[in-house]
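Before any comments, here is the structure.
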Amino acid sequence: MRERHEFHVDSARYLDDHGKPMDDLPALAGDTGRVLAAYRNMVLTRTFDAKVIALQRTGKCGTYPSVLGHEVIGTAIGQSMAKTDVFVPYYRDQAAHMLRGVGLREMLLYWGGDERGSANWKNCPEDLPISVPIATQCCHAVGVASAMRIRGEERAVVCCVGDGGTSKGDFLESINLAGAWHLPVVFVAINNHWAISTPRSLQTGAETIAQKAISAGLPGHMVDGNDYFAISEALDTALERARGGKGATLIEAVTYRLGDHTTADDATRYRTAEDLKRAWGKDGIKRLQNWLHDNDLWDAAKEKALQADSKATVEQAVEDYLAIEAEPPTAMVDYLFETLPPALQTQRERIVSKYRGGES
Amino acid sequence: MRERHEFHVDSARYLDDHGKPMDDLPALAGDTGRVLAAYRNMVLTRTFDAKVIALQRTGKCGTYPSVLGHEVIGTAIGQSMAKTDVFVPYYRDQAAHMLRGVGLREMLLYWGGDERGSANWKNCPEDLPISVPIATQCCHAVGVASAMRIRGEERAVVCCVGDGGTSKGDFLESINLAGAWHLPVVFVAINNHWAISTPRSLQTGAETIAQKAISAGLPGHMVDGNDYFAISEALDTALERARGGKGATLIEAVTYRLGDHTTADDATRYRTAEDLKRAWGKDGIKRLQNWLHDNDLWDAAKEKALQADSKATVEQAVEDYLAIEAEPPTAMVDYLFETLPPALQTQRERIVSKYRGGES
Amino acid sequence: MSKGELRDVTLVEAVNMALHWEMQHDENVVVLGEDIATNGGVFRATVGLKEKFGFKRVMDTPLAETLIAGTSVGMATQGLKPVAEFQFMGFIYAGIEQIVSHAARMRNRTRGRLHCPIVYRAPFGGGIHAPEHHSESTEALFAHIPGLRVVIPSSPQRAYGLLLAAIRNPDPVIFLEPKRIYRAVTQSVENNGEALPLDTCFTLREGDDVTLITWGASVTETLQAADKLSHQGVTCEVIDVATISPLDRETLLCSVAKTGRAVIVHEACRNGGVGAEIAASIAESAFLDLQAPVVRVTGYDTVMPYYRNEAAYLPQVEDIVEAVEQVIAL
Amino acid sequence: MSKGELRDVTLVEAVNMALHWEMQHDENVVVLGEDIATNGGVFRATVGLKEKFGFKRVMDTPLAETLIAGTSVGMATQGLKPVAEFQFMGFIYAGIEQIVSHAARMRNRTRGRLHCPIVYRAPFGGGIHAPEHHSESTEALFAHIPGLRVVIPSSPQRAYGLLLAAIRNPDPVIFLEPKRIYRAVTQSVENNGEALPLDTCFTLREGDDVTLITWGASVTETLQAADKLSHQGVTCEVIDVATISPLDRETLLCSVAKTGRAVIVHEACRNGGVGAEIAASIAESAFLDLQAPVVRVTGYDTVMPYYRNEAAYLPQVEDIVEAVEQVIAL
Ligand SMILES: Cc1ncc(C[n+]2csc(CCOP(=O)(O)OP(=O)(O)O)c2C)c(N)n1
Ligand SMILES: Cc1ncc(C[n+]2csc(CCOP(=O)(O)OP(=O)(O)O)c2C)c(N)n1
Ligand SMILES: [Mg+2]
Ligand SMILES: [Mg+2]
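Protein chains in written order, with our numbering: chain W, 2 to 361; chain Y, 2 to 361; chain V, 3 to 332; chain S, 3 to 332.
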């Protein structure tokens with residue numbers, strides 16, 4: 002006697018590579034304000050990104066992971082989330098951070114080697130800081146979502162993880178808990194085809210990342226991560242579901258990492274120029290720009306103004322960032338515990354005496 | 002534009018709860034020698050199990066996990082595996098160990114608190130010892146399978162894990178590697194409905210354990226773990242596939258833990274007598290016995306002889322086990338490294354002097 | 003705090019009592035782990051909590067230690083105070099990345115914006131005739147990690163007071179419960195919600211000739227050794243370190259300044275054990291006070307043997323006596 | 003061994019050279035990790051191996067450290083000799099359960115039937131201006147685990163010889179590579195397949211006044227301090243411990259017997275660092291030789307700061323000089 006248990010994941014896409022609709026667009030496309038705001042954020046993100054890379058090249062910033070190719074996904078996340086939701090990012094979520102209200106200056110501080118980059122997040126004080134150990138943030142996301150469930154709140158969590166990260170136990174254990182406990186969390190697995198030099202194909206034998214949801218009893222969706230409408234619709238739906246107590250969702254957002262892994266990497270070692278060129282042909286910012294043009298919502302003058310605005314915003318942030326002095330070395334012990342334990346007092350005194358009053 | 006990616010897992014069963022065929026049996030049912038040998042092993046296992054519990058109750062053995070309810074699965078594993086395959090067990094695989102040729106005395110030594118229980122496995126010297134930290138053995142299984150793949154051998158690995166264990170990262174990361182690398186390994190997830198007191202329903206939101214295979218791009222099968230024919234057929238197929246270089250399989254073998262979790266547990270705290278009674282109604286040994294009777298392959302006299310034989314075998318093993326003196330305390334340092342490092346020499350001397358020549 | 007009911011309890015019952023008290027008085031306290039709700043924990047430490055506070059606050063998790071450790075971090079950032087149980091210390095390892103890289107650092111990383119008031123509980127130590135991995139005492143691994151507190155009670159009263167303090171502490175605490183003495187003795191504990199300090203060693207017995215420094219289940223053998231030695235006219239000061247990290251060096255150094263001699267006793271293996279830090283600190287800071295080298299009585303540098311030989315591994319009363327005699331002779 | 007080609011190489015190149023040699027001469031050696039095959043490793047330690055030995059023996063794994071650690075165990079039981087890379091020591095933690103509970107115990111557990119000839123490599127230590135978690139030096143965690151060897155080279159020659167020894171060793175070795183000095187200097191290394199011993203410290207410089215004990219990248223500052231001090235007429239014996247565990251106490255004690263003074267320098271935080279074990283061992287066994295307390299110059303007991311302040315955390319030449327002046331004064 003045989004029975005068959007069937008499962009599926011859907012994939013969705015609205016815009017072709019040139020920004021032409023392939024299908025009826027979702028309702029959100031009618032919200033011109035939202036779409037324009039999204040576009041502006043994507044451009045600002047890309048402008049910022051180029052600047053940070055330049056700072057790094059001139060020794061004014063540390064190792065930095067470019068967001069190139071992720072701008073659409075992050076923007077959609079930032080827009081779909083409510084202020085009261087909690088964002089649990091990974092390290093390539095600059096576009097979302099902009100909309101969550103993390104200062105550009107803070108982002109610069111962080112990558113500039115200053116802990117204060119994760120400190121003063123006054124617009125999103127509950128959001129988690131960047132998590133460097135891959136996929137570990139997924140456990141935090143289900144913890145935050147558990148707290149919401151325990152307290153009966155109508156809020157949700159969005160957690161990002163890379164395609165590489167979906168191989169790590171933390172992600173897999175976490176989606177399982179999300180399914181077992183019906184937690185209000187949306188996992189966004191950003192499949193940019195690479196984990197440093199490791200291609201998506203070596204990461205897993207699964208045909209899609211979205212189908213990992215099935216192992217946890219969750220709905221899984223695959224969306225074109227360069228299609229603003231597709232990703233936004235998937236996020237809106239999943240977040241509504243989560244806030245309404247209907248449980249978690251895994252969204253695989255497919256894109257391509259257009260830059261090196263970080264400024265310390267050289268991607269030409271492991272991928273071809275043709276691959277990269279093909280990926281640029283699917284760029285989500287260009288696609289949305291085309292769509293805006295086609296719908297008379299955008300023109301060259303507006304583009305020029307936006308570029309200038311974005312540059313000015315970024316320049317101001319860089320100026321602010323460069324003006325900030327390093328913390329005194331005593332900061333390295335002062336935030337470890339709520340109150341400095343007696344055992345650390347002598348060490349703190351040594352720091353003070355070594356650095357004349359704790360100045361660096 | 003939407004697409005749908007479809008997946009499935011099959012479930013299989015041949016015998017009803019009373020041992021009556023519900024379907025045409027697989028070919029292996031015609032191999033009378035194999036079926037009878039299987040039945041004998043199941044009975045021996047159950048006899049052994051009852052004896053170890055009795056030893057534990059009288060202080061002659063340590064904490065012990067009863068195999069009650071797992072005899073059919075373990076027996077099928079032991080039979081389907083070739084001598085050259087490698088078994089990576091968990092701690093409730095006594096039935097398979099019997100057929101792999103691990104001595105009953107060795108099993109007693111192990112649970113009797115003596116490392117030598119994992120030492121002298123002359124019939125299966127490459128099999129891994131029992132792994133106590135849940136699911137950690139899954140990583141070893143893919144490592145062993147990788148070695149086989151690297152060397153181009155036509156061998157395979159069978160790895161057991163409990164339903165609880167399928168929540169742990171080690172299992173999930175390992176099935177993913179098995180899929181990514183097309184490894185010759187068969188994972189048997191033994192769903193006995195409980196992980197100590199935690200029911201299967203709290204372990205995961207997934208409807209089946211078998212569907213976890215989908216996350217790794219592996220075929221997943223669910224079989225009735227009390228149906229000797231179903232589980233044996235699934236194992237034969239999966240092992241053939243593995244040895245033939247066609248990759249890994251996940252088999253969920255569904256049964257019920259008929260005993261306490263271990264002798265240190267009291268299952269009446271968390272499950273009802275009715276549940277247990279219902280599970281006994283599906284007992285796989287009784288089922289196979291009925292089928293053998295129905296096919297004139299078994300009778301009361303044979304049963305009586307088998308019971309007597311099994312008891313005698315077990316009694317002999319117990320006698321051998323009880324006759325073995327503890328290792329000298331120096332054994333605790335002598336096997337740590339291939340050669341005792343100078344740093345441990347002084348400590349070894351202390352042991353020797355404390356225990357007069359290292360005797361305990 | 004008001005006067006509370008007096009109860010004769012074992013160490014594990016004191017743990018349970020503290021959990022009840024704090025869950026009752028602080029709705030942010032939640033408890034999670036494997037088999038801790040319906041089953042009340044394999045050692046019964048959490049028994050009764052689910053009945054009283056419900057499944058929302060008393061959570062049986064899937065079998066996944068990374069998750070237990072990391073989910074607690076997420077909960078804590080939301081202002082909950084998770085008390086997470088690892089069923090045995092031997093199974094805490096999969097949680098280490100989350101504990102070391104996140105729980106211990108969240109406050110520092112965010113300059114105080116978020117913090118992790120988590121208690122990670124685990125029964126630890128050998129001597130209960132359990133299978134492999136059920137006898138670990140690797141407290142040294144956690145003591146070396148900045149941002150963590152490591153606390154080990156060794157009596158019902160200290161279990162009660164230290165666990166309350168650990169839960170109330172705004173930073174993560176590794177709380178290790180010596181399971182060999184979970185039910186060894188009962189002690190009268192006042193259920194009054196009074197916490198003990200988290201940065202002070204406990205002097206269990208005063209003496210002039212030698213300072214015996216220990217913690218966990220070894221406190222039992224150390225006190226017995228002190229008793230024996232007193233019949234030989236040697237008076238031992240016995241200190242239960244209890245708050246392993248950050249370490250109260252003050253109390254230890256004061257005692258050694260008086261006695262001039264120290265013997266450290268712990269169950270963990272010697273190489274790189276917490277005893278090394280204590281010995282190094284004393285030898286550095288009390289150099290001129292010391293009449294004899296600081297000696298360590300510890301487990302051997304090997305894996306805890308299976309149970310037929312576990313007694314041969316554990317430090318015994320006579321080992322302690324011998325060590326004291328040795329340092330006294332100098 | 004035959005005479006080999008002489009090459010001027012950096013520490014990381016020496017690692018690469020040793021891997022090439024041993025893969026060439028022993029077909030059981032395999033290499034695995036994240037980005038180690040096609041990319042040749044993020045630090046280029048494994049560059050060229052894939053081209054030479056193919057994907058079967060040089061394996062890019064999925065991003066999963068538990069798996070990397072545990073798969074190596076399985077491979078090793080089949081007689082392979084896996085050399086597994088953790089991309090940074092800060093990401094080794096998810097592998098700890100597999101390392102502690104299996105790699106370190108398989109031989110003991112099976113009484114020698116199976117064993118684990120694995121090398122777990124990881125770049126470690128701070129000072130390269132990297133993001134959080136890229137500057138860990140938690141060698142003490144592994145040094146405390148029975149059944150593991152912990153080895154840390156601090157020069158190209160020692161990297162070459164010790165890595166060969168580690169791969170050939172039939173038991174698991176944690177091999178930590180001080181990335182701050184990965185490319186700091188070049189040294190002439192003979193590519194002759196000759197291994198160095200795994201249980202001996204290396205005396206880098208002889209002296210009579212004080213013994214400086216160190217390892218890893220701190221060897222650089224320690225030698226500089228010794229230089230400075232020699233101008234003040236203080237001669238320092240400088241020992242690179244290199245084989246952190248099991249520890250060669252003999253060499254250390256002999257030196258201290260001569261100098262009567264010891265200063266230990268390491269980058270890891272002080273509390274429970276390997277320096278504690280060394281200090282405790284010296285203070286115990288060389289009690290009568292010591293003219294001054296054993297002093298430790300270490301990182302602070304806190305999380306390594308992000309890079310703007312990392313220099314303030316790392317032990318500097320002047321800290322070492324100051325410590326020596328302090329012990330010499332006594
Ligand atoms: C646990 C862990 N292992 C290794 C690393 C080193 N590392 C940093 S990013 C990265 C690749 C991540 O790839 P993916 O998850 O796909 O994210 P992406 O960078 O492509 O956005 C690796 C291996 C790390 N940060 N954490
Ligand atoms: C990593 C780890 N965590 C916890 C335990 C304690 N423990 C032993 S068995 C068990 C339940 C396992 O359940 P399952 O995997 O379903 O196997 P079963 O015992 O039901 O056969 C637990 C939690 C352990 N051995 N290892
Ligand atoms: Mg990626
Ligand atoms: Mg089970």
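Virtual Cβ for every residue (Gly too), placed ideally from N, Cα, C.
Buried/exposed call for Ser-202/W, threshold 16 Cβ in 10 Å: exposed
Residues of its chain near Val-159/Y, where Cβ-Cβ distance is below 6 angstroms and the 5 sequence neighbours each way are ignored: Ile-78, Met-82, Phe-88 and Val-187
Distance cut-off 7 angstroms: Gly-92/S Cβ against heavy atoms of ligand 4: Gly-92/S: no, Cβ never under 7 angstroms from ligand 4.
Cβ-heavy atom distance, Asn-193/Y to ligand 4, below 7 angstroms: yes
Nonlocal neighbours in the same chain, by C-beta distance under 8 angstroms from Arg-46/V, ignoring five residues either side: Val-14 and Asn-18
Interface residues of chain Y facing Glu-53/V [CB-CB closer than 7 angstroms]: Going along chain Y, no residue has its Cβ under 7 angstroms from Glu-53/V, so there is no contact; the nearest lies around 12 angstroms.
Arg-111/S: first and last residue of the uninterrupted alpha helix (DSSP H) it sits in: Counted as a single uninterrupted DSSP element, the alpha helix (DSSP H) harbouring Arg-111/S occupies residues 108-111.
With 16 other Cβ atoms within 10 Å as the buried cut-off, status of Trp-292/Y: buried
Rounded Cβ spacing between Ala-227/V and Val-323/V (contact assumed at less than 8 angstroms): 5 angstroms
For Gly-301/V and Asp-16/V, the rounded distance between their alpha carbons: Going by the sequence as given, residue 16/V is Ala instead of Asp. Across the structure, Ala-16/V and Gly-301/V are spaced so that their CA atoms are roughly 28 angstroms apart.
Inside the segment 104-171 of chain S only - alpha helix (DSSP H) runs reaching at least 4 residues: 108-111, 141-145 and 158-170
Heavy atom of ligand 4 within 7 angstroms of Asp-94/Y beta-carbon: no
Positions along the segment 59-82 of chain V whose CB lies within less than 8 angstroms of some CB in chain W: Arg-59, Met-61, Thr-63, Pro-64, Ala-66, Thr-68, Leu-69, Ala-71, Gly-72, Thr-73, Ser-74, Val-75, Gly-76, Met-77, Ala-78, Thr-79, Gln-80, Gly-81 and Leu-82
Chain S residues whose Cβ lies nearer than 7 angstroms to that of Val-143/Y: Thr-73 and Gly-76
Ligand 1 heavy atom lying under 7 angstroms from the CB of Gly-165/W: Indeed, a heavy atom of ligand 1 lies less than 7 angstroms from the Cβ.
Closer than 7 angstroms: Leu-65/S CB and nearest ligand 1 heavy atom: yes
Residues sharing a beta bridge with Lys-83/S, DSSP: Beta-bridge pairing links Lys-83/S to Val-31/S.
Own chain partners of Lys-52/S with C-beta closer than 7 angstroms, once the 5 adjacent residues on each side are dropped: Ala-39, Thr-40 and Val-60, listed in sequence order.
Cβ separation of Phe-8/Y and Phe-8/W, assumed to be a contact under 8 angstroms, to the nearest whole Å: At roughly 5 angstroms, the Cβ-Cβ gap stays under 8 angstroms, so Phe-8/Y and Phe-8/W are in contact.
Contact test: Arg-242/W Cβ vs ligand 3 heavy atom, cutoff 7 angstroms: Outside the cutoff, so no.
Unbroken beta strand (DSSP E) run spanning Leu-65/S, endpoints: Counting along the chain, Leu-65/S falls outside any beta strand (DSSP E), and DSSP gives it neither H nor E.
Three CB pairs or more closer than 8 angstroms across the segment 134-144 of chain Y and the segment 92-112 of chain S: Contact between the segment 134-144 of chain Y and the segment 92-112 of chain S is present: three or more C-beta pairs spanning the two stretches fall below 8 angstroms.
Length of the line joining the Cα atoms of Gln-1/W and Ala-30/W: Chain W is shown only over 2 to 361; residue 1/W falls outside these bounds and no answer can be derived.
Straight-line Cα distance separating Glu-208/V from Ala-259/V: A straight line joining the alpha-carbon of Ala-259/V with that of Glu-208/V spans about 13 angstroms.
Sequence-distant residues of its chain with Cβ nearer than 7 angstroms to Gly-218/Y (five each side left out): Gly-180
Within-8 angstroms CB hit, Asn-311/V to chain W: no
Which residues DSSP lists as bridging Ser-190/S, in chain order: Asp-10/S
Straight-line gap, Glu-223/S to Ile-54/W (C-alpha atoms, nearest Å): 32 angstroms
Distance cut-off 7 angstroms: Ala-196/W Cβ against heavy atoms of ligand 3: yes
Boundaries of the alpha helix (DSSP H) in which Met-108/W is found, first to last residue: Per DSSP, Met-108/W belongs to the alpha helix (DSSP H) from 105-112.
Beta-carbon neighbours of Ser-175/Y, restricted to chain S and to distances below 7 angstroms: Those are Leu-69, listed as they occur along chain S.
Test item: CB-CB of Asp-173/S and His-131/S under 8 angstroms: no
Cα-Cα separation, Ala-331/V to Val-276/S: 30 angstroms
Chain Y contacts from the segment 128-149 of chain S (Cβ-Cβ distance under 8 angstroms): Pro-148 and Gly-149
Whole-Å CB distance - Lys-181/V paired with Pro-133/V, under 8 angstroms assumed: Lys-181/V to Pro-133/V, Cβ: 14 angstroms. No contact.
Option nearest Ser-137/S by Cα separation, candidates Glu-269/S, Phe-144/S and Leu-231/S: Glu-269/S
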